[in-house]
Amino acid sequence: MLKKFDKKDEESGGGTNPFQNLEKSAVLQEARLFNETPINPRKCAHILTKILYLINQGEHMGATEATEAFFAMTKLFQSNDPTLRRMCYLTIKEMASISEDVIIVTSSLTKDMTGKEDSYRGPAVRALCKITDSTMLQAIERYMKQAIVDKVPSVSSSALVSSLHLLKTSFDVVKRWVNEAQEAASSDNFMVQYHALGLLYHIRKNDRLSVNKMLSKFMRHGLKSPFAYCMMIRVASKLLDEEDGSRDSPLFDFIDSCLRNKHEMVVYEAASAIVNLPSCTAKELAPAVSVLQLFCSSPKAALRYAAVRTLNKVAMKHPSAVTACNLDLENLVTDSNRSIATLAITTLLKTGSESSIDRLMKQISSFMSEISDEFKVVVVQAINALCHKYPRKHAVMMNFLFTMLREEGGFEYKRAIVDCIISIIEENPESKESGLSHLCEFIEDCEFTVLATRILHLLGQEGPRTANPSKYIRFIYNRVILENEEVRAGAVSALAKFGAQNEDMLPSILVLLRRCVMDDDNEVRDRATFYLSILEHRQKALNSTYILNGLTVSVPGLERALHQYTLDPSEKPFDLKSVPLATAPITEQRTENIPTATVRQPEKVVSSRQEIFQEQLAAVPEFKDLGNLFKSSTEPVALTESETEYVVRCTKHTFSNNMVFQFDCTNTLNDQILENVTVQMEPTEGYEVMCCVPAKTLSYNHPGICYTLVSIPEEDPSALSSTFSCMLKFTVKDCDPNTGEADDEGYEDEYVLEDIEVTVGDHIQKVLKPNFGAAWDEVGDEFEKEETFNLSTIKTLEEAVGNVIKFLGMQPCERSDKVPENKNAHTLYLAGVFRGGHDILVRAKLVLTDTVTMQVTARSKEEFPVDVIMASVG
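Using our numbering, the first residue of the sequence shown is number 2, and each one after it goes up by one.
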């Protein structure tokens, strides 16, 4: 029963949806009409529509209510009204998961499915499969096979799609219908052929060879359905992706041949598949780009949009491949469809020349206000890419971005602009002051907390290093007065960074921080009190440790260590060196994706990969006295080929004085059991093998773990880099492949593995020092050493920087891993922690002549880590 709309509802257009004010109880009351004789098809169909509307609006319907309505509805099968019958099918499908005993309509649906009325048969098949469970499926299997090969396309398609859904619950039964599906795949109907191909693929998708055979068959005989062709292209591209995109494959030839298909959708699908293949060269992309170029001038807006969107993606990786389309793209800039115009202009921004930037910016300005935030973000991302490509044009693009920043827009849009401006500031030091000034103006009216705190962090990091840092203080302190507690806390941290780096401003900063001590919020007061206490000591080392560079430990690890310290009191003071380091570089936490309302809520502590290893190793009796795990290698190293009879992978775990090598072993032979499996290691020098912990049993395809413990040489810095030869030793027992039971007592055997290398990077954990200069001064020069090396085999600064970072396994700081273009000299700053908790800093000055000359300076508070760096580089 519908509620009566009042006058206001009618005036406001509230009567446009006749089901808007439905009440569940009233509708279920109306369902009693189903029991009346004779049946009124029109009224009953209307009531079923209401029930469907309520279910699809998320209205909760109890099992009893649903079952009563369902039983009443079964009476409606007495009517032959086609509309009412089809409504019944829809309602059965929707209520199948709510009502009990829905199986009662099986006979009625089976009758319709095998009847003479073609318009009933297809929907009846779909409804029947929806309510049939795996135990009942065999009873209708014969009917399903007949329906799959039915000459009526709608019936055949319904059966094929229903079979696809049934695969999830009854794979073994549906697998028996392959012959019928193959027969359906030769149908002349486009949709039947498409659905048959889909069913065949999903039956075989876990058998790569079978999928390849199926594709080969259809590639030979051809297909009539463009939808089936599109699916074939997707399956072929997936297989190619797994094969690392081999261009000599017949699969690639098939996709390439589809570029000449008579159906536009097939041509586009083939072009899209080619441009998305990994490691495609510009030459291989050329045919696909040519097709997309033709689509750019199509009278169909959908084709133009598809073409320009795909070219936009290509331009990100291969801008040179799209340059040939620039004229067509420029014609699309004035397209009546703003989405197409936006994509065209952003593609041009990625492929255009430096001289065309000013003109493109003017064109963008003319329609920026007319497009949605989603496309504005695309424009901003294109501008960001362009800034990296043409750094000399950053001034033009910065002005454009500042104009956009002042206009209305949502969070994602404003965040994209702020990210872009920050990126330009980091890449182009000469744009820093103007960029920071504009961002200061933006936070005066910024309504997004995470953007305000992000900008305040940037001001604290970059502001003190500018020519006139005092001009930013007013903007920062305004946040303390005017904003919410989260922004106020960020502003206090920014003020402290100014005080830590500029002695002239320190008295003023101290005055401002003393005012913040009276703040209403605990976090703001605590930060102000802490920073005030540190700054009043006027010590650079304290400023660097606690304000400019912060903690480098794992926060969850620190929490656990402190909790453990309180449970087990000790007279010794708590030592931060006992806390595991953060396993990833410490970067400024990006909270942009977190809704503002949830930023301050405590997060659930999740165990990191290293903490999981720590617990796993501590459970082994031989390793219980090793102390805290310092570092684990990021990726296991394969010591065998993946197809061999025994598969072994090694993970290196470094402790203060020892290393543990974890070997994950898999036996791929089903007629053998391996027992007492160990890996015997022989180091080249320095290291000493302490013990081996065996894997007791390795049965077929059940991975096991064995360990080898070695002691690290402490006297010789040059001995830390070493190579270990490895041998897998075990007892082999033959077994019955079916039962897995051993047949004999076995015999000793061994298997040669690849060598394992230990490098200096295995002894150093990466940490980021946001202010490298402060950290350098903090460590001091007591144990500083400097040497000059000639990198004779390296010809470019970029290559030298990459090799040094990879070899030492340290974290580049202050974006020093980015080498400016056309420079013959560069300085690389690296930071890390040597095992035992000793900070190690490296400054590498590189000069390019015919070869690269590198002057390395290393600092630490202990001599041994410095000697290790010098010995390894030498």
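For every residue, glycine included, the Cβ atom is placed at its ideal position computed from N, Cα and C.
Exercise for review: Report whether the distance from the Cβ of L670 to the nearest heavy atom of the ligand GTP is below 7 Å.
Suggested key: Looking for the ligand GTP in the displayed structure turns up nothing, as the structure carries no ligands at all.
Practice item. Please name the residue in M519, D521, L496 whose C-alpha comes closest to that of S509. Key: With distances taken between Cα atoms, S509 lies closest to L496.
Review point. Is it true that the CB of G810 sits closer than 8 Å to the CB of I765?
Key: Yes. Within cutoff.
Check your understanding: What runs of the alpha helix (DSSP H), each 4 residues or longer, lie entirely inside the stretch 104–168?
Key -> Assignment of alpha helix (DSSP H) within the stretch 104–168, counting only whole runs of 4 or more residues, yields 107–114, 119–132, 135–138, 142–149, 154–167 in chain order.
Review point. Quick one: what's got a C-beta closer than 6 Å to V323's C-beta in the same chain, skipping five residues either side?
Key: These residues qualify, in order along the chain: L312, V315, A316, T352.
Review point. Thinking C-alpha only, which one of S700, F412, L210, T789 is nearest N739?
Key: When only C-alpha atoms are compared, the closest one is S700.
Review point. Where does A743 fall in DSSP's three states?
Key: Three-state DSSP puts A743 in a strand.
Point to revise | Burial state of V711, where buried means 16 or more other Cβ atoms lie within 10 Å | key: Classification of V711: buried, given that the 10 Å Cβ count is 16 or more.
Practice item. Check the C-beta distance from V212 over to L168 and give it rounded, since I have them as a contact under 8 Å. Key: Not quite, the Cβ-Cβ distance comes to about 15 Å (not below 8 Å), so this is no contact.
Practice item. Indicate whether the contact test is met: 3 or more Cβ pairs, each with one atom in the stretch 815–831 and one in the stretch 846–861, closer than 8 Å. Key: Yes, they touch.
Point to revise | Distance, M137 Cα to S188 Cα | key: Distance between the alpha carbons of S188 and M137 is about 29 Å.
Review point. What is the DSSP secondary structure of Q194, counted as helix, strand or coil?
Key: Reduced to three states, the DSSP call for Q194 is helix.
Practice item. For my contact list, A859 and P718 are in at a C-beta cut-off of 8 Å; report their separation, rounded to the angstrom. Key: Taking C-beta atoms under 8 Å as the contact rule, A859 and P718 fail to qualify, at a distance of about 11 Å.
Practice item. Tell me whether D374 sits in a helix, a strand or coil according to DSSP, three-state version. Key: In the three-state scheme derived from DSSP, where H, G and I count as helix and E and B as strand, D374 is classed as helix.
Check your understanding: Is L460 closer than 8 Å to I477 when the C-beta atoms are compared?
Key -> Yes.
Check your understanding: How is V379 classed by DSSP in three states: helix, strand or coil?
Key -> Helix, per DSSP.
Practice item. Check D735 in the structure and name its three-state DSSP category. Key: In the structure shown, D735 sits in a strand (DSSP, three-state: E or B).
Check your understanding: Which first and last residues belong to the beta strand (DSSP E) in which A619 is found?
Key -> Counting along the chain, A619 falls outside any beta strand (DSSP E), though it belongs to the alpha helix (DSSP H) covering 610–619.
**Study point:** Identity of the residues DSSP links to G705 by a beta bridge
**Key:** Note: G705 sits in a beta bridge opposite C666.
Exercise for review: Look at the alpha carbon of N671 and the alpha carbon of M145, and state the distance between them as a whole number of angstroms.
Suggested key: Each residue's Cα considered, the two are about 39 Å apart.
Exercise for review: Return the residue from the list Y708, K44, I40 that minimises the CA-CA distance to K697.
Suggested key: For K697, the nearest C-alpha among the options comes from Y708.
Point to revise | Neighbour-count burial assignment, H839, 16 or more Cβ in a 10 Å radius | key: With 16 or more other Cβ atoms within 10 Å, it is buried.
Practice item. Could I get the ranges of all uninterrupted alpha helix (DSSP H) runs contained in the stretch 194–253, with 4 residues as the minimum, in chain order? Key: Segments of the alpha helix (DSSP H) lying fully in the stretch 194–253: 209–222, 227–243.
Point to revise | Supposed close pair T652, P637 - CB separation, criterion 8 Å | key: In this structure T652 is in contact with P637, their Cβ atoms being roughly 5 Å apart against a cut-off of 8 Å.
Exercise for review: Below 6 Å CB to CB, which residues in the same chain sit around N760 once its five sequence neighbours on both sides are set aside?
Suggested key: Position check: residue 760 holds Thr in this sequence, whereas Asn was assumed. Apart from the 5 residues on each side of it in sequence, T760 sits with its Cβ closer than 6 Å to the Cβ of S722 in its chain, given in chain order.
Practice item. List the endpoints of the continuous alpha helix (DSSP H) containing I674. Key: Looking at the DSSP string, I674 is not in any alpha helix (DSSP H); the run it does join, the beta strand (DSSP E), is 673–684.
Exercise for review: Pull up the CB-CB distance for A303 and L293, whole angstroms please, since I reckon it's below 8 Å.
Suggested key: No, A303 and L293 are not in contact; Cβ-Cβ is about 14 Å, not under 8 Å.
Exercise for review: Throw me the rounded Cβ distance for the L216 and V236 pair, which I believe falls under 8 Å.
Suggested key: That belief holds up - the Cβ atoms of L216 and V236 are roughly 6 Å apart, short of 8 Å.
Exercise for review: For E524, collect the residues of the same chain with a Cβ closer than 7 Å to its Cβ; drop the 5 residues on either side in sequence, then sort them by chain order.
Suggested key: Close CB contacts of E524 within its chain, under the 7 Å cut and outside five residues either way in sequence, are with E486, A490 (chain order).
Check your understanding: Are R1 and V488 close, meaning C-beta to C-beta below 8 Å?
Key -> Lying outside 2 to 875, the shown extent of the chain, residue 1 is not represented and no answer is given.
Review point. So, is F901 buried or exposed, given that buried needs 16 or more other C-beta atoms within 10 angstroms?
Key: Since the first and last residues shown for the chain are 2 and 875, residue 901 lies out of range.
Exercise for review: Report buried or exposed for Q139, applying the criterion of at least 16 other Cβ atoms within 10 angstroms of its Cβ.
Suggested key: So Q139 counts as exposed.
Exercise for review: Could you check what DSSP says for C441 in three-state terms: helix, strand or coil?
Suggested key: Residue state, collapsed to three classes: helix.
Point to revise | Secondary structure of K824, DSSP reduced to three states | key: Note: K824 maps to coil in three-state DSSP.
Exercise for review: Can you give me the Cβ contacts of T597 inside the same chain, cut-off strictly under 6 Å, excluding the 5 residues immediately before and after it?
Suggested key: At T597, the pLDDT of 31 sits below 50, so the modelled position is not reliable; the number obtained from the coordinates is stated separately. So the list reads T450, once near-sequence residues are dropped.
Exercise for review: Could you tell me whether the Cβ atoms of I48 and A32 are closer together than 8 Å?
Suggested key: Yes, Cβ-Cβ distance for I48 and A32 is below 8 Å.
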